[in-house]
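S.K.: One structure, pasted below without further comment.
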Amino acid sequence: MALLEVKNLTISFGGLRAVDDFQLTIKKGQLYGLIGPNGAGKTTVFNLLTGVYKPDEGIIRLEDKDITGLKTIEINKAGIARTFQNIRLFKELSVLDNVKVGLHNSYPYHTLEGIFRLPGYYRMEKEMNEKAMELLKVFDLDQEADYLAANLPYGKQRKLEIARALATDPKLLLLDEPAAGMNPNETGELMDTIRFVRKEFDMTVLLIEHDMKLVSGICEELTVLNFGRILTQGKTADVLNDPQVITAYLGE
Amino acid sequence: MNKMNTKLKLSKTAKSNAITYLMVIVVYLIVQILLAGGHVSSLMEGLLVPLCIYVMLAVSLNLTVGILGELSLGHAGFMCVGAFSGAFFSKCVQGAMPDGIRFFLALVLGAVVAGIFGILIGIPVLRLKGDYLAIVTLAFGEIIKNLVNVLYIGRDSDGFHFSMKDSISLHLKEDGEVLINGAQGITGTPHDAGFTVGIILILLSLFIILNLVHSRDGRAIMSIRDNRIAAESVGINITKYKLMAFSISASIAGVAGVLYAHNLSTLTALPKNFGYNMSIMILVFVVLGGIGNIRGSILSAVILTLLPELLRGLSDYRMLIYAVVLIVMMLFNWSPKAIEWKERIKEKYFSGFQKKAVAEASAVKTEKKEVK
Ligand SMILES: Nc1ncnc2c1ncn2[C@@H]1O[C@H](COP(=O)(O)OP(=O)(O)O)[C@@H](O)[C@H]1O
Ligand SMILES: [Mg+2]
Chain A
1 MALLEVKNLT ISFGGLRAVD DFQLTIKKGQ LYGLIGPNGA GKTTVFNLLT GVYKPDEGII
61 RLEDKDITGL KTIEINKAGI ARTFQNIRLF KELSVLDNVK VGLHNSYPYH TLEGIFRLPG
121 YYRMEKEMNE KAMELLKVFD LDQEADYLAA NLPYGKQRKL EIARALATDP KLLLLDEPAA
181 GMNPNETGEL MDTIRFVRKE FDMTVLLIEH DMKLVSGICE ELTVLNFGRI LTQGKTADVL
241 NDPQVITAYL GE
Chain B
1001 MNKMNTKLKL SKTAKSNAIT YLMVIVVYLI VQILLAGGHV SSLMEGLLVP LCIYVMLAVS
1061 LNLTVGILGE LSLGHAGFMC VGAFSGAFFS KCVQGAMPDG IRFFLALVLG AVVAGIFGIL
1121 IGIPVLRLKG DYLAIVTLAF GEIIKNLVNV LYIGRDSDGF HFSMKDSISL HLKEDGEVLI
1181 NGAQGITGTP HDAGFTVGII LILLSLFIIL NLVHSRDGRA IMSIRDNRIA AESVGINITK
1241 YKLMAFSISA SIAGVAGVLY AHNLSTLTAL PKNFGYNMSI MILVFVVLGG IGNIRGSILS
1301 AVILTLLPEL LRGLSDYRML IYAVVLIVMM LFNWSPKAIE WKERIKEKYF SGFQKKAVAE
1361 ASAVKTEKKE VK
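Those protein sequence lines, which keep their order, are chains A and B. For the first sequence, our numbering gives the first residue as 1, with consecutive numbering after it. For the second sequence, our numbering gives the first residue as 1001, with consecutive numbering after it.
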């Protein structure tokens, strides 16, 4: 069964068709890549999938449930979490608290339990701390748990965004250029981490990336976008050898 | 291992909160000792309750400005709403119940009414994505002040009478009494306010704000401040938490208003006490004390209220010194060099803690290699 099914997704900004008749099917457990030149509409697809924009046309289904047009927070509750191309952390919060905001809906104690420090507060906060530290360990961020997020180096900020997204316990994880600004070493580590996350959390991942080493290294299938339209779709090796793709995108 | 680490973190915020409470209590005790020894001038004594009121206003506004990250220019409006509802209640039921209970209920009523106004303003405005709150709260403060000035309410054996014109149009019988008399406001509110009550209310406000900030909902509020789009993406209900912070902030201002009303024999709504200058002054306390820094709000409210009085003898230089202090405080709190310096002091102070944290964290790390 398909985890995510997208049909005829279309959105225009003024006269510009940023995404035009987009189709996508992702099976559970897949590592799927979305590639294409700058301005092709990749981030816009993420924004449509997560309810930041409402599509002009098309249907989005998650596990056969129609989530088209839902609000961002409802879509997150339905099971889609994401990271951002331009890192969006809670900069004035600690690294630990960034992840704990991601755990917010899974540990619902009442406002008054928090203000009056009732037993529920201590129990849930303790569980949240443990869960958050577990996630931080996966991303090698546990030593920096008490740092302000803004004080993390760039590569670690990208990792923290992934940890925060995972904290919402999603079914589908969307990563928008997770390796941007990383050196080859960090990119290699990131590839390991993404593989590890898929295995340990039984996660399905859709990622946007320009780093071809990462894309060919971990993605099983690819979709290539160009000017908002699908250029080609299929197994990674086939797509990357497609002459159309090479001329439109890789052929420099 | 990570249990210890998290405990460490909890104790750190608990320690910082304890310092804040302790600071308030120590000041209270010192003032009590000075009062008992007769070392406080009557002028200073008269300032004690207003000081408590300003502190409450400053810390509550900091919840909106510093924790939620929204600009409010009508905090005095919420104080006004609280003051008039509390004083009105006290006038109505005076004598019908013990004074302590009446004052307590007046405080609760002030909090509730101001909170409701906060929600009524917040529902339409906080849903918008721009900085509309500043302009709407500014208007709210002025409108409330002017409305109260044309509000007449009286009571006689037939019940309550209400007018927006003058007290004659209330058509009260001979046994009637004007409770709210337009621009003359409310007179004869019982004098229940005192320094001790003020300090208790400050501690209560601090308890609510600090515990809220360091809990699940406080994190949600701050995440909206730091990045609304990211907060939405992890399922935070933006409107709910904005409203929560804003209405709690308004409620505490309302309580400060009730305290204010019960400290004066006559309550009137003037530009001086409930106008936008008052709102701006509270905002100045918050900004100079450090946005988001609750303890800083307390300190700056106290310093900036006392200073003009302490300098009264130096009449000519009074405002000059005041201005210099404003500038120095701003530099101290906001210049990068000063922030760096404070960080260094903090690091020195907490270095023992940090070493322990790092040692524990690396122990956690070795554990992890086996998991992988
Ligand atoms: N909110 C918006 N308003 C107007 N144009 C937009 C908006 N969002 C994206 N676009 C346009 O849509 C196109 C695709 O952008 P984007 O999805 O960010 O590309 P990329 O593939 O590099 O992620 C670009 O031309 C961009 O300018
Ligand atoms: Mg993009």
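Yeah, the Cβ is synthetic: ideal placement off N, Cα and C, and Gly gets one too. Remember, predicted model here, so these are calculated numbers, not experimental data.
Taking only three categories from DSSP, how would you classify Lys7(A)?
M.R.: Position 7 of the first sequence holds residue 7(A). DSSP places Lys7(A) in strand when its eight states are reduced to three.
S.K.: Within 10 angstroms of its Cβ, does Val1371(B) collect 16 or more other Cβ (buried), or is it exposed?
M.R.: Sequence index remark: in the second sequence, residue 1371(B) carries index 371 (1-based). Note that Val1371(B) scores 21 on pLDDT, short of 50, meaning its location in the model is unreliable and no value can be drawn from it.
S.K.: With a threshold of 6 Å, establish whether the CB of Thr43(A) neighbours any heavy atom of ligand 2.
M.R.: On the first sequence, position 43 is the one that residue 43(A) refers to. Yes, Cβ of Thr43(A) sits closer than 6 Å to a heavy atom of ligand 2.
S.K.: Below 7 Å on C-beta distance, what does Leu1212(B) contact in chain A?
M.R.: The residue you call residue 1212(B) lines up with position 212 of the second sequence. Result: Gly114, Ile115.
S.K.: Run the proximity test for Phe13(A): is its beta-carbon closer than 6 Å to any non-hydrogen atom belonging to ligand 4?
M.R.: What this structure holds is ligand 1 and ligand 2, not ligand 4.
S.K.: How many Å lie between Leu1029(B) and Leu1259(B) at the Cα?
M.R.: Within the second sequence, the letter at position 29 stands for residue 1029(B). Within the second sequence, the letter at position 259 stands for residue 1259(B). The straight-line gap from Cα to Cα measures roughly 20 Å.
S.K.: Excluding the five sequence neighbours on either side, which residues of its own chain have a C-beta within less than 7 Å of the C-beta of Leu243(A), listed in chain order?
M.R.: Along the first sequence, one-based indexing puts residue 243(A) at 243. For the record, residue 243(A) in the displayed sequence is Pro; it is not Leu. Excluding sequence neighbours, Pro243(A) sits near nothing in its chain.
S.K.: Of all the options Ile1298(B), Lys1015(B), Phe1274(B), which has the alpha carbon lying nearest to the alpha carbon of Asn1146(B)?
M.R.: Locating residue 1146(B) in the second sequence gives position 146, where the first residue counts as 1. Among Ile1298(B), Lys1015(B), Phe1274(B), the Cα nearest to that of Asn1146(B) belongs to Phe1274(B).
S.K.: How far does the alpha helix (DSSP H) with His1075(B) in it extend, from its first residue to its last?
M.R.: The residue you call residue 1075(B) lines up with position 75 of the second sequence. First-last of the alpha helix (DSSP H) with His1075(B): 1075-1093.
S.K.: Suppose contacts are defined by Cβ-Cβ distances below 7 Å. Is Val1286(B) in contact with Ala1134(B) by that definition?
M.R.: Within the second sequence, numbered from 1, the residue matching residue 1286(B) stands at position 286. Within the second sequence, numbered from 1, the residue matching residue 1134(B) stands at position 134. Not in contact: Val1286(B) and Ala1134(B) (Cβ atoms no closer than 7 Å).
S.K.: In whole angstroms, give me the CA-to-CA distance for Asn8(A) and Ile59(A).
M.R.: Against the first sequence, residue 8(A) aligns to sequence position 8. Against the first sequence, residue 59(A) aligns to sequence position 59. C-alpha separation (whole angstroms): 7 Å.
S.K.: Residues in the region 1215-1234 of chain B with C-beta within 8 Å of chain A's C-beta atoms, listed in sequence order?
M.R.: For the region 1215-1234 of chain B, which is checked against every Cβ of chain A, the residues closer than 8 Å are Ser1215, Arg1216, Asp1217, Gly1218, Arg1219, Ala1220, Met1222, Ser1223, Arg1225, Asp1226, Asn1227, Ile1229, Ala1230, Ala1231, Glu1232, Ser1233, Val1234.
S.K.: On a CA-only basis, which of Phe13(A), Tyr32(A), Lys27(A) is nearest Leu48(A)? Give me that one, please.
M.R.: Mapped onto the first sequence, residue 48(A) falls at position 48. Considering only alpha carbons, the answer is Phe13(A).
S.K.: Please report the straight-line C-alpha distance between Ala1193(B) and Glu1340(B), rounded to a whole angstrom.
M.R.: Indexing the second sequence from 1 puts residue 1193(B) at position 193. Indexing the second sequence from 1 puts residue 1340(B) at position 340. Taking the straight line joining both Cα atoms gives about 42 Å.
S.K.: Is it buried or exposed, Lys42(A), if we count other Cβ atoms within 10 angstroms and call 16 or more buried?
M.R.: Position 42 of the first sequence, counted from the start, is the residue given in the question as residue 42(A). So Lys42(A) ends up on the buried side.
S.K.: What is the residue span of the beta strand (DSSP E) that Asp1156(B) lies within?
M.R.: Residue 1156(B) sits at position 156 when you count from the first residue of the second sequence. Residues 1152-1156.
S.K.: Taking only the alpha-carbon atoms, compute the straight-line gap between Gly1069(B) and Gly1292(B) and give it to the nearest angstrom.
M.R.: Start at 1 with the first residue of the second sequence, and residue 1069(B) comes out as number 69. Start at 1 with the first residue of the second sequence, and residue 1292(B) comes out as number 292. Their Cα atoms are separated by approximately 9 Å.
S.K.: Where Arg214(A) and Val239(A) are concerned, what is the direct C-alpha to C-alpha distance, given to the nearest angstrom?
M.R.: Residue numbering aside, residue 214(A) sits at position 214 when the first sequence is read from its first letter. Residue numbering aside, residue 239(A) sits at position 239 when the first sequence is read from its first letter. Per the sequence shown, residue 214(A) should be read as Leu rather than Arg. Each residue's Cα considered, the two are about 15 Å apart.
S.K.: Spatial neighbours of Leu1212(B) within its chain, please: CB distance less than 6 Å, with the 5 preceding and 5 following residues excluded, ordered by chain position.
M.R.: Translated into the one-based positions of the second sequence, residue 1212(B) becomes position 212. Around Leu1212(B): Gly1218.
S.K.: Decide if Gly1046(B) is buried, meaning its Cβ has at least 16 other Cβ atoms within 10 Å, or exposed.
M.R.: As a first step, residue 1046(B) must be located in the second sequence, where it is residue number 46. Looking at its Cβ environment, which holds fewer than 16 other Cβ atoms inside 10 Å, Gly1046(B) is exposed.
S.K.: Evaluate the contact criterion for the region 1061-1079 of chain B versus the region 1119-1139 of chain B: three or more CB pairs, one atom per stretch, below 8 Å.
M.R.: Touching, per the Cβ criterion.
S.K.: Starting from Gly1237(B), find everything on chain A with Cβ-Cβ shorter than 7 Å and list it in chain order.
M.R.: Walking along the second sequence from the start, residue 1237(B) turns up at place 237. Reading off the sequence shown, one finds Asn at residue 1237(B), where the question assumed Gly. Result: Ile73.
S.K.: For Ala1269(B), does the three-state DSSP call read helix, strand or coil?
M.R.: Taking the second sequence and counting its residues from 1, the one referred to as residue 1269(B) is at position 269. Of the three classes helix, strand and coil, the one that applies to Ala1269(B) here is coil, per DSSP.
S.K.: Decide if Met212(A) is buried, meaning its Cβ has at least 16 other Cβ atoms within 10 Å, or exposed.
M.R.: Within the first sequence, the letter at position 212 stands for residue 212(A). Under this definition Met212(A) is an exposed residue.
S.K.: Give the DSSP-derived three-state secondary structure of Gln244(A) in the structure shown.
M.R.: Mapped onto the first sequence, residue 244(A) falls at position 244. Gln244(A): helix per DSSP, three-state reduction.
S.K.: I want to see whether chain A comes within less than 7 Å of Gly1095(B), judged by CB atoms only; does it?
M.R.: One-based indexing of the second sequence puts residue 1095(B) at position 95. So no, Gly1095(B) is outside the interface.
S.K.: Please list the partners that Arg164(A) has in chain B, where partner means a Cβ-to-Cβ separation under 7 Å.
M.R.: Along the first sequence, read from residue 1 onward, the residue named residue 164(A) stands at position 164. By Cβ distance, chain B contributes Val1234.
S.K.: Classify Gln157(A): buried if its beta carbon has 16 or more other beta carbons within 10 angstroms, exposed otherwise.
M.R.: Against the first sequence, residue 157(A) aligns to sequence position 157. By the 10 Å Cβ count, Gln157(A) comes out buried.
S.K.: Are Glu221(A) and Lys235(A) closer than 7 Å when you measure CB to CB?
M.R.: In the first sequence, the residue the question calls residue 221(A) occupies position 221. In the first sequence, the residue the question calls residue 235(A) occupies position 235. Contact flag set, yes.
S.K.: Using the Cα positions of Ala132(A) and Leu70(A), report the straight-line distance between them to the nearest angstrom.
M.R.: Along the first sequence, read from residue 1 onward, the residue named residue 132(A) stands at position 132. Along the first sequence, read from residue 1 onward, the residue named residue 70(A) stands at position 70. Their Cα atoms are separated by approximately 28 Å.
S.K.: Taking Tyr109(A) as the query, report the chain B residues whose CB atoms sit under 7 Å from its CB, ordered along the chain.
M.R.: Looking up residue 109(A) in the first sequence gives position 109. Within chain B, the residues near Tyr109(A) are Arg1216.
S.K.: Are the CB atoms of Ala180(A) and Leu190(A) within a distance shorter than 7 Å?
M.R.: The residue you call residue 190(A) lines up with position 190 of the first sequence. The residue you call residue 180(A) lines up with position 180 of the first sequence. No. Outside cutoff.
S.K.: Rounded to whole angstroms, what is the Cα-Cα separation between Asn241(A) and Ala81(A)?
M.R.: By 1-based counting over the first sequence, the position of residue 241(A) is 241. By 1-based counting over the first sequence, the position of residue 81(A) is 81. Their backbone Cα atoms lie some 31 Å apart in a straight line.
S.K.: DSSP on Asp21(A), reduced to helix/strand/coil?
M.R.: For this step, residue 21(A) is matched to residue 21 along the first sequence. Looking at Asp21(A) - three-state DSSP - the assignment turns out to be strand.
S.K.: Residue ranges of each alpha helix (DSSP H) run of no fewer than 4 residues wholly in the region 37-80 of chain A, ordered along the chain?
M.R.: As far as the region 37-80 of chain A is concerned, its whole alpha helix (DSSP H) runs of at least 4 residues are 42-49, 72-78.
S.K.: Identify every residue that forms a DSSP beta bridge with Met1097(B).
M.R.: As a first step, residue 1097(B) is located in the second sequence; it is residue number 97 there, counting from the start. Its beta-bridge partners are Gln1094(B).
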